[in-house]
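Residue numbers (the UniProt record's numbering): 1 to 503.
Since the structure comes first, as structure tokens, the remarks are kept for the end.
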């Protein structure tokens with residue numbers, strides 16, 4: 001099944017992926033959803049695409065070198081289901097000097113309403129403030145006050161009020177209710193990884209340049225699959241950062257662009273930054289600095305709310321005008337079209353609205369997946385889409401746009417079917433909720449079931465933050481095992497420029 005899923009993802013993106021050897025099978029996590037299968041398919045797709053790109057670029061003789069053989073033998077590509085599933089729990093297993101990290105603010109979590117349940121996302125202060133305004137509560141309100149305010153209102157009423165205030169909330173819906181929703185019907189008409197060509201006229205002053213990959217390795221050296229590929233990472237909170245992180249594991253130069261005034265989840269911004277460099281750019285005053293980076297990039301990955309960057313002159317067509325040959329990757333919660341096309345959202349909220357949490361709790365109370373599976377899956381699929389765009393660019397020229405959403409990934413999960421309930425633990429409190437030693441979620445510490453054994457999948461690295469213990473990147477390419485060459489940097493540590501000087 002997994003091998004067929006990988007092939008299908010390639011076909012939808014217009015890329016003939018090599019065979020992938022898959023070991024292991026579901027269930028590996030406590031859920032009736034096929035999380036292990038989905039994880040292995042997503043990881044397998046990006047790994048196969050990276051192997052194909054590496055081979056086409058000359059593989060071991062150096063990318064773009066005259067000795068490169070486009071008909072060179074394809075290296076073996078493999079993925080282990082247990083390792084892929086563990087990677088979907090990477091933030092749960094991550095340790096800094098032996099200490100885990102809390103991922104949820106005190107007011108984040110599930111609340112009973114007059115007719116069901118609502119999930120409130122308050123991890124960022126401005127989202128918390130929006131929730132309190134919507135519930136007409138004071139700025140110092142605690143969990144008890146929020147709970148009381150929710151009990152007297154309907155789920156839909158709260159969802160609408162929080163959204164109007166610029167916050168993030170999701171009413172629990174059943175699968176059937178979601179499938180009837182106009183937004184669900186809109187996203188069902190798109191591929192899981194929507195790859196399309198950008199045909200735009202060059203702007204005045206924009207010079208078309210050869211989009212072929214640079215050759216930093218030289219003859220006779222063993223290059224990494226994506227070495228020489230420059231990736232701008234304009235993302236935060238799991239999905240987008242995971243995409244940049246796995247591209248870095250295959251050798252891409254990934255520059256993560258943040259801003260000093262934009263809030264981050266402290267632990268996550270470290271855990272997802274392996275192999276990257278980090279700079280700060282304030283788009284309110286330094287837009288030209290970002291334009292200069294785009295002009296020398298190969299891939300731009302962005303996870304802002306649909307339309308937000310386009311409003312500042314950095315939409316896909318703008319990027320293609322600045323850099324002919326660009327691959328623009330856009331990740332959103334609910335897609336860019338339809339009634340919810342510009343709505344803010346996160347993995348936990350999408351699980352709530354699309355029926356996953358409803359099914360996990362048998363409709364009586366929300367029970368999410370045992371990990372942020374929509375985030376991680378979308379992240380690996382975004383990385384696959386980026387490499388697929390590079391492959392299409394090499395074959396056909398042009399600039400390319402890749403669109404993904406957590407809600408479309410959730411629909412893909414649903415289409416995979418279910419694991420036999422007798423073979424899966426379905427109480428929803430597995431390692432994705434609690435991690436190996438418990439994490440805070442919604443103001444509570446959950447002590448869930450043990451997950452798969454991961455000792456053999458872990459590694460450690462010294463960093464500016466201390467000794468980091470982490471899940472090694474999943475997926476294998478014969479002769480080019482993925483790894484992170486550098487530890488996570490401090491935010492804004494590097495100048496806003498590319499490390500390599502060629503191109």
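Note that the Cβ used here is the ideal one computed from N, Cα and C, for glycine as well.
{"Check": "Going by the beta-carbon positions, is the gap between residue 179 and residue 391 smaller than 9 angstroms?", "Outcome": "no"}
{"Check": "Between the Cα of residue 356 and the Cα atoms of 476, 475, 35, which residue gives the shortest distance?", "Outcome": "35"}
{"Check": "Given this structure, state the Cα-to-Cα distance separating residue 156 from residue 482, to the nearest angstrom.", "Outcome": "45 angstroms"}
{"Check": "State the Cα-Cα distance for the pair residue 419 and residue 27, rounded to the nearest angstrom.", "Outcome": "7 angstroms"}
{"Check": "Considering only residues of the same chain and omitting the five flanking positions on each side of residue 367, which have a CB-CB separation below 7 angstroms?", "Outcome": "357, 360, 361, 428"}
{"Check": "The alpha helix (DSSP H) spanning residue 113 covers which residue range?", "Outcome": "Note, residue 113: premise wrong, no alpha helix (DSSP H); not H, not E."}
{"Check": "Let me check understanding here. Comparing Cα to Cα, which of 8, 42, 16 lies closest to residue 475?", "Outcome": "42"}
{"Check": "Inspect the beta-carbon positions of residue 126 and residue 263 and report whether they are closer than 9 angstroms.", "Outcome": "yes"}
{"Check": "Helix, strand or coil, according to DSSP, for residue 504 in the structure here?", "Outcome": "Past the edges of the chain, shown from 1 to 503, lies residue 504, and the structure says nothing about it."}
{"Check": "Rounded to the nearest angstrom, how far is the Cβ of residue 496 from that of residue 293, given a contact under 8 angstroms?", "Outcome": "6 angstroms"}
{"Check": "Roughly how many angstroms lie between the CA atoms of residue 473 and residue 137, to the nearest whole one?", "Outcome": "44 angstroms"}
{"Check": "If residue 251 sits next to residue 276, beta carbons under 8 angstroms apart, how far is it from one beta carbon to the other, in whole angstroms?", "Outcome": "The Cβ separation is near 12 angstroms, so there is no contact."}
{"Check": "In chain order, what residues of the same chain lie with their CB nearer than 6 angstroms to the CB of residue 529, ignoring the 5 residues before and after it?", "Outcome": "Residue numbering for the chain in the displayed model covers 1 to 503; residue 529 lies beyond these limits and cannot be assessed."}
{"Check": "Output the residue ranges of the alpha helix (DSSP H) runs that lie fully inside the segment 257 to 317 and measure 4 residues or longer, sorted by chain position.", "Outcome": "266 to 271, 287 to 294"}
{"Check": "Measuring alpha carbon to alpha carbon, tell me which of 339, 169, 265, 57 ends up nearest residue 387.", "Outcome": "57"}
{"Check": "Assuming residue 33 and residue 413 are in contact, meaning their beta carbons sit under 8 angstroms apart, how far apart are those beta carbons, in whole angstroms?", "Outcome": "6 angstroms"}
{"Check": "Let me know the secondary structure DSSP gives residue 445 once reduced to three states.", "Outcome": "In this prediction, residue 445 has a pLDDT of 27, which is less than 50 and means its spatial position is unreliable; what the coordinates show is noted afterwards. Residue 445 falls in the strand class under three-state DSSP."}
{"Check": "What do you get for residue 20, buried or exposed, if any count of 16 or more other CB atoms within 10 angstroms of its CB means buried?", "Outcome": "buried"}
{"Check": "Tell me, to the nearest whole angstrom, how far the beta carbon of residue 255 is from that of residue 498; I am working on the premise that it is less than 8 angstroms.", "Outcome": "7 angstroms"}
{"Check": "How many angstroms separate the CA atom of residue 423 from the CA atom of residue 346?", "Outcome": "29 angstroms"}
{"Check": "Let me confirm a value: residue 372 is counted as buried when at least 16 other C-beta atoms fall within 10 Å, else exposed. Which label applies?", "Outcome": "buried"}
{"Check": "Can you pull the DSSP bridge partners for residue 78?", "Outcome": "21, 476"}
{"Check": "Hey, is residue 178's beta-carbon within less than 9 angstroms of any beta-carbon in chain D?", "Outcome": "The structure shown contains no chain D; it is built from a single protein chain."}
{"Check": "Which of the three DSSP states is assigned to residue 495 in this structure?", "Outcome": "coil"}
{"Check": "Considering only C-alpha positions, which residue in the set 232, 288, 348 is nearest to residue 298?", "Outcome": "232"}
{"Check": "Leaving out five residues on either side along the sequence, give the residues of the same chain with a beta carbon under 7 angstroms from the beta carbon of residue 182.", "Outcome": "338, 339"}
{"Check": "Excluding five sequence neighbours on each side, which residues of the same chain lie with their C-beta closer than 7 angstroms to the C-beta of residue 147?", "Outcome": "111"}
{"Check": "Tell me the DSSP secondary structure of residue 326 in three-state form.", "Outcome": "coil"}
{"Check": "CB-CB under 6 angstroms to residue 375, same chain, minus the five flanking residues each way: which ones, in chain order?", "Outcome": "238, 239, 347"}
{"Check": "If you follow the beta strand (DSSP E) that residue 231 is in, where does it begin and where does it stop?", "Outcome": "230 to 234"}
{"Check": "May I ask you to report which of helix, strand or coil DSSP gives residue 362?", "Outcome": "coil"}
{"Check": "Following the continuous alpha helix (DSSP H) through residue 155, name the residue where it begins and the one where it ends.", "Outcome": "155 to 164"}
{"Check": "Could you tell me the boundaries of the alpha helix (DSSP H) in which residue 396 lies?", "Outcome": "373 to 396"}
{"Check": "Within a Cβ cutoff of 6 angstroms, which residues of the same chain sit near residue 170, ignoring the five residues on either side of it in sequence?", "Outcome": "119, 349, 352, 353"}
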